[in-house]
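In terms of my numbering, the sequence shown has 13 at position 27, counting the first letter as 1, and numbering is strictly consecutive. A short write-up of the structure that comes next.
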Amino acid sequence: MAYKYDTQNIFAKILRGEIPCDKVLETEHSLAFNDISPQAPVHVLVIPKGPYVCFDHFASSASDQEIADFSRAISEVCRIKGVSADSGNGYRMISNAGPDGVQEVPHLHFHILGGRRIGRMIQPG
Ligand code: 5GP
-13 MAYKYDTQNI FAKILRGEIP CDKVLETEHS LAFNDISPQA PVHVLVIPKG PYVCFDHFAS
47 SASDQEIADF SRAISEVCRI KGVSADSGNG YRMISNAGPD GVQEVPHLHF HILGGRRIGR
107 MIQPG
């Protein structure tokens, strides 16, 4: 089954500058911004600029440069927000994919959650 990217999804609109975001970091291939409905004191979304639906789409289709940039952007966000497990108290990173993953926005994003104990890894429902 081919991945179908919806160019009208909300993160595509943020990337095109059609709607604003509270930017944390921008690199050549990635963008990070605060979640509009934060679930923790630190709740940042990190997205690639390319049109990838979810992580397995990205990992199988993106260039090595995009993948490296995205990885480094996540690390830099952890440093900026003070949640790195090296110098801070750590974080949880989540990337939902598809219906069973309960993915709301169909553009790859990683949630970086921290600033408090995040609790159980998986909740029912
Ligand atoms: P998902 O369920 O797809 O993994 O998460 C989507 C996330 O995007 C949610 O945490 C939601 O709060 C966030 N979100 C949805 N619309 C916007 C928006 O317009 N701006 C920002 N900054 N976050 C959004």
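Built from N, CA and C at the ideal position, the CB exists for glycine as well. Predicted model only: the values in this text are computed from it and were never measured.
(message) H93 and F19 - do their beta-carbons sit closer together than 8 Å?
(response) Cβ atoms of F19 and H93: not closer than 8 Å.
(request) Please state if the CB of S16 and the CB of A59 are separated by a distance shorter than 8 Å. (result) Closer than 8 Å, so yes.
(request) Return yes when the C-beta of S23 is under 7 Å from any heavy atom of ligand 1, and no when it is not. (result) Taking non-hydrogen atoms of ligand 1 into account, the C-beta of S23 is found less than 7 Å away from one of them.
(request) Give every residue of the same chain whose Cβ lies closer than 7 Å to the Cβ of D121, excluding the five residues on either side of it in the sequence, and list them in chain order. (result) This structure cannot speak to residue 121, because the chain is shown only from -13 to 111.
(message) Please report the straight-line C-alpha distance between R102 and V32, rounded to a whole angstrom.
(response) Going by the C-alpha atoms only, they are around 19 Å apart.
(request) Determine, using beta carbons only, whether N(-5) and V91 come nearer to each other than 8 Å. (result) Yes. Within cutoff.
(request) Kindly indicate the opening and closing residues of the beta strand (DSSP E) around R78. (result) Secondary structure note for R78: its beta strand (DSSP E) is the uninterrupted segment Y77 to I80.
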